[in-house]
Amino acid sequence: MFNLDVQVAAVVVVVVVVVVVVEEVLVVVVVLVVEVVVVVVVVVVVVVVVVVVVVVVVVVMVVVVVVVLRAAAEIQIQVVDVVEQHKTGCTHRRSTVEAVTAGVVVVVVVVVAAAAVVAVVVVVVVAVVVVVVIVAAGLVVVVVVVVVVVVVVE
């Protein structure tokens with residue numbers, strides 16, 4: 028009878044240990060899966076944001092190039108008009124003003140284009156930093172969970 032009680036007690040202890048170990052392993056697996064899902068979602072969101080920003084900047088740059096080329100052509104036309112008017116001795120204030128206005132437009136457009144490029148660089152750098160921080164935080168969580176499980180199991 029004593030042997031049967033000892034055997035039953037041993038089986039119960041083994042079953043309890045197995046259940047505890049399996050439970051801890053399941054906790055680790057769930058945490059790892061959640062961590063991977065969170066990292067993947069964040070990386071996808073960051074990539075989508077970066078792609079959208081890059082597309083917007085490319086569109087802006089195309090518009091900038093078109094505007095600059097049109098303004099440059101306008102400046103050339105106005106300068107030719109002013110030169111012709113000076114040759115003939117007839118001055119026309121409007122042509123000079125239009126040439127200066129076109130020059131200001133070119134400068135503004137170039138400044139806007141430079142700001143757009145800087146914005147893209149900043150967005151990409153921030154996106155990379157966010158991804159690195161999230162992955163690092165995920166690794167810390169995984170290490171902490173594994174250490175806790177090992178300590179609990181032991």
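Plus 27 on top of the position in the sequence shown (first one is 1) and you've got the numbering used here. Ideal Cβ placement from N, Cα and C applies to all residues, glycine included.
Q: Compute the Euclidean distance between the alpha carbons of Ala154 and Val52, then round it to the nearest angstrom.
A: What you label residue 154 is simply residue 127 of the sequence shown in a count that begins at 1. What you label residue 52 is simply residue 25 of the sequence shown in a count that begins at 1. Spanning the two alpha carbons is a distance of roughly 33 Å.
Q. According to the neighbour-count rule (16 or more other Cβ atoms, all chains shown, within 10 Å of its Cβ), is Val75 buried or exposed?
A. Reading the sequence shown from its first residue, position 48 is the one you call residue 75. Counting the other CB atoms within 10 Å of its CB gives Val75 a total below 16, which places it among the exposed residues.
(Q) So, under 8 Å CB-CB, Val139 and Val80 are touching, yes? Tell me the CB distance rounded to an integer number of Å. (A) Translated into the one-based positions of the sequence shown, residue 139 becomes position 112. Translated into the one-based positions of the sequence shown, residue 80 becomes position 53. Wrong, their Cβ atoms sit about 15 Å apart, outside the cutoff.
Q: Indicate whether the contact test is met: 3 or more Cβ pairs, each with one atom in the stretch 164–176 and one in the stretch 57–76, closer than 8 Å.
A: Using a C-beta cut-off of 8 Å, the stretch 164–176 makes contact with the stretch 57–76, since at least three inter-stretch Cβ pairs fall below that distance.
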